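I have placed the structure first, in the form of structure tokens, so that the comments after it can refer back to it.
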Amino acid sequence: MAFKNYLSALDDLPDVLCIQESHLTPKYQPSIPHYQVIRKDRPLSKGIAVHGFSIFNIYNPLSNLLTSTSLDFLSNFAKVILCGDFNAHNGMWGSEYTQ
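Terminal number for the sequence shown in my numbering: 1329, no gaps in between.
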């Protein structure tokens, strides 16, 4: 509910929302005003294509080490929007340690 309140207070809405770790159950279909919700529950998420772009909203569990080859599959797509929770700790963005 707090997220919907946050969105309703904005003058300009984001074009795309990507949400991770929602803990939604399969029976629950969220509704967000002014948005079409595209939900794909999969253990190994791949992505969706929207108007010529492939959108990948990736959640990498903390217990999984993200390697330099983990995202190689993205080279199969021409136009990619990549976002998510990578749990990729690095000093470059303020982490106390680097994985």
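Virtual Cβ for every residue (Gly too), placed ideally from N, Cα, C. On a predicted model such as this, the values are computed, not experimentally measured, just so you know.
- The region 1260-1269 makes no contact with the region 1293-1300, as fewer than three CB pairs between them are under 8 Å.
- 1285 is the residue among 1285, 1244 and 1240 whose C-alpha sits nearest the C-alpha of residue 1307.
- Secondary structure of residue 1295 (DSSP, three-state): coil.
- Within the DSSP secondary-structure output, residue 1312 pairs in a beta bridge with 1286.
- Membership of residue 1320 in any alpha helix (DSSP H) is not indicated, and neither H nor E is assigned to it by DSSP.
- The C-alpha of residue 1255 lies about 33 Å from the C-alpha of residue 1324.
- Here residue 1235 is exposed: its Cβ has fewer than 16 other Cβ atoms, across all protein chains shown, within 10 Å.
- Comparing C-alpha distances from residue 1253 to each of 1246, 1289 and 1311 shows the shortest one belongs to 1289.
- Remark: C-beta atoms of residue 1250 and residue 1315 approach each other more closely than 7 Å.
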